[in-house]
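Undergrad: So that you can map any letter, position 299 of the sequence shown is 298 in numbering that gives the first Met the number 0, and since no number is skipped, the others follow by simple counting.
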Amino acid sequence: MPPLSRRSFSLAAAGGLASTLSAQIPGQRPLRAPGFEVLNPRARVPASLIIDDSTCLVNLAHFGIPHFAEAFPDRYKQDWRALPREIPDSFVRKFGEWCHQHGVKGKYSIVPYPACTGWVDRDIPGWSKRELDDSLRLVRDLLLPDWDIHPEMVSHTWVIDTKTGRPYPDRTDLFMENFRWTDGKSADQLADYLSYALRILRNADLPCEGITTPGGFAARVLPELAQATLQSCRDVFRAEVPHYFRHAVTDHRSVAPRVEYASGLGSSDPKCVVSIIACTSDWFGGWDGLDPCQQDKMITADSQGGRLPEVIRRGEPAIIYCHWPGIYCNGSETGFHVFQETVRRMHAGHNNLHWMKLSEIARYWAAKELTKIDAGERTLSLEAPFACPQYTVAFPALANAVPQLAVRNQVSPLKEVAGLLQLKSGTWARHAGGIAACFDLPKGASALEW
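#1: For V401, tell me which candidate among Y320, L447, D160, S154 has the shortest Cα-Cα distance.
#2: Assign D122 to buried or exposed, taking buried as 16 or more other Cβ atoms, counted over all protein chains shown, within 10 Å of its Cβ.
#3: Could you name each continuous beta strand (DSSP E) segment of 3 residues or more that falls completely within the stretch 300-344, going from the start of the chain to the end?
#4: N58: buried (16+ other C-beta within 10 angstroms of its C-beta) or exposed?
#5: For G183, which of helix, strand or coil comes out of DSSP?
#6: Excluding sequence positions up to five away, which residues of its chain have a Cβ less than 6 Å from the Cβ of A261?
#7: Whole angstroms are fine: how far does the CA of N329 sit from the CA of L289?
#8: Let's test the definition: count the other Cβ atoms within 10 Å of the Cβ of A203 and tell me whether it reaches 16, buried, or not, exposed.
#9: Could you pull out every residue in the same chain whose Cβ sits closer than 7 Å to the Cβ of M175, ignoring the five residues on either side in sequence?
#10: Have a look at Q226, L48, I24 and flag the residue whose alpha-carbon is nearest the alpha-carbon of S280.
#11: Which word fits R407, buried or exposed, when buried means at least 16 other C-beta atoms lie within 10 angstroms of its C-beta?
#12: How would you label H251, buried or exposed, when you count the other beta carbons within 10 angstroms and need 16 or more for buried?
#13: Drop a sphere of 10 angstroms on the beta-carbon of Q226, count the other beta-carbons inside from all chains shown, and report buried for 16 or more, exposed for fewer.
#14: Excluding the five sequence neighbours on either side, which residues of its own chain have a C-beta within less than 6 Å of the C-beta of A217, listed in chain order?
#15: Name the DSSP beta bridge partners of C98, please?
#16: Rounded to whole angstroms, how far is the Cβ of T212 from the Cβ of S108, which I believe are closer than 8 Å?
#17: CA-CA distance, R84 and P124?
#18: Between E259 and I50, how many whole angstroms is the CB-CB distance? I'm expecting something under 8 Å.
#19: Just how far apart, CA to CA, sit N39 and H149?
#20: Work out the CA separation of V235 and T171 for me, nearest whole Å.
#21: Measure the Cβ-Cβ separation of G305 and M297 and say whether it is below 7 Å.
#22: Whole angstroms are fine: how far does the CA of H101 sit from the CA of H336?
In structure tokens, the structure reads:
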């Protein structure tokens, strides 16, 4: 029997998702008049791919398994020496180009000090400085337009002393990022660790608006994790809407993003942090590239069965979760082929998908929940703490009504389109006895008039 995935193991150890997802602290919410609805962007269902355990050149499974086995000798028995030490940039290019051609977007981790092999902003022994620089350039040029970059803590294995840059000498799960080190840590202590990771990626010229937790990192200190993400992403990158990936939910519960710790909504410095939730487990090749893929659990051949169609029918973000070694599958690329088929089935059965980066989803949900909206007889007045592209609202209106957007005394007419699926920024369509309008929501005051 293969070992539990690190994320699954940590959730089980923490008492399961039922307890972990109860930790949300929403913060402020604006008062809102009834009679309107904020729809999904462009009235479509967001889709995204979360890639964990990725970094430059290093196959984290090859170098990480001996570290996990040192802490858990009875659990990690894979023959790590038989796994390739590198996931080559030629595969990164093949994957990135295919995803760009098919409109796929998401999140790609760059582990800053992968399994203590070397630093992505300095050197990684075993590869030349030119090879590392070329790998970073590929990420910047090819991936950044379609993918958020996250640190997945510092090493993804041993905890690093942020004062020395070296792993602590303890070789138990109490000093592994994936397991128990975060127990009892304060928000400030976590923010120090997250900031250390973020600064390495900043040195490598990789912008970040969010973080990914490795395995069980912060499983027992979720409020502190949210606050630390908010603090560190704002401090290091001045991120306006920080976000984090911690949870994957595959049962009946909602997978809508959670907007947490909202404050200062009426001020010049609004704040919030968004928890992004995946709706699948890793049903590709697993974190070591050795697990069998489970295509039909995600989506069946007729495009109607499986987890993704279930979530899409609910109108919640269809966010897929995988690990980079399981996409590469130790050179067979089986996980990549399964993902390609997953995308083909998704597109064949659903014409209402909208691929987005996690930062785009986080910003939309922050604007969706935190924008103050007052409804008048022929106007919707909006006060937004955050600007948001493709903001989409529906409201009742007379049959002859034609909406226009008013911002700072400038009025811009919106163009009518035939239906909801034709909506894009600057357009509107008739919908359910009223109007649905899509526009780029500015920060501050604006209004829809008709």
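Here a beta-carbon is modelled for each residue, glycine too, at the ideal position from N, C-alpha and C.
Note that the structure is a prediction, hence the values are computed from the model and not measured.
TA: A quick look at the data gives this:
#1: Stepping through the sequence shown from its first residue, residue 401 is reached at position 402. Answer by Cα proximity: L447.
#2: Position 123 of the sequence shown, counting from 1, holds the residue named residue 122. With fewer than 16 other Cβ atoms within 10 Å, it is exposed.
#3: 317-322
#4: Translated into positions along the sequence shown, residue 58 becomes position 59. Per the 10 Å Cβ criterion, buried.
#5: Within the sequence shown, residue 183 is the residue found at index 184, counting from 1. G183 falls in the coil class under three-state DSSP.
#6: By one-based count along the sequence shown, residue 261 stands at place 262. Closer than 6 Å at Cβ, skipping near neighbours: G26, Q27, C271, L369.
#7: The count along the sequence shown starts at 1 and reaches residue 289 at position 290. The count along the sequence shown starts at 1 and reaches residue 329 at position 330. Those two C-alpha atoms are separated by around 8 Å.
#8: If you number the sequence shown from 1, residue 203 lands on position 204. That one is buried.
#9: As a first step, residue 175 is located in the sequence shown; it is residue number 176 there, counting from the start. Same-chain partners within the cutoff: A70, T156, W157, V158.
#10: On the sequence shown, residue 280 is found 281 positions in, with the first residue counted as 1. Ranking Q226, L48, I24 by Cα distance to S280 puts L48 first.
#11: The count along the sequence shown starts at 1 and reaches residue 407 at position 408. With fewer than 16 Cβ atoms within 10 Å of its Cβ, R407 is classed as exposed.
#12: Here the question's residue 251 lines up with position 252 in the sequence shown. By the neighbour-count rule (16 or more Cβ atoms within 10 Å), H251 is not buried but exposed.
#13: In the sequence shown, residue 226 corresponds to position 227, counting from 1. With 16 or more other Cβ atoms within 10 Å, it is buried.
#14: Mapped onto the sequence shown, residue 217 falls at position 218. The answer, listed in chain order, is T181, L224.
#15: Here residue 98 corresponds to residue number 99 of the sequence shown, with the count starting at 1. Beta-bridge pairing links C98 to no other residue.
#16: Mapped onto the sequence shown, residue 212 falls at position 213. Mapped onto the sequence shown, residue 108 falls at position 109. Contact flag wrong, Cβ pair sits at about 10 Å.
#17: Stepping through the sequence shown from its first residue, residue 84 is reached at position 85. Stepping through the sequence shown from its first residue, residue 124 is reached at position 125. Approximately 12 Å between the Cα atoms of the pair.
#18: Along the sequence shown, one-based indexing puts residue 259 at 260. Along the sequence shown, one-based indexing puts residue 50 at 51. Going by Cβ atoms, the distance from E259 to I50 rounds to 24 Å, so no, they are not a contact pair.
#19: Looking up residue 39 in the sequence shown gives position 40. Looking up residue 149 in the sequence shown gives position 150. Going from the Cα of N39 to the Cα of H149 covers about 25 Å.
#20: In the sequence shown, residue 171 corresponds to position 172, counting from 1. In the sequence shown, residue 235 corresponds to position 236, counting from 1. Those two C-alpha atoms are separated by around 30 Å.
#21: In the sequence shown, residue 305 corresponds to position 306, counting from 1. In the sequence shown, residue 297 corresponds to position 298, counting from 1. For G305 and M297, yes; Cβs fall inside 7 Å.
#22: The residue given as residue 336 occupies position 337 in the sequence shown. The residue given as residue 101 occupies position 102 in the sequence shown. Spanning the two alpha carbons is a distance of roughly 14 Å.
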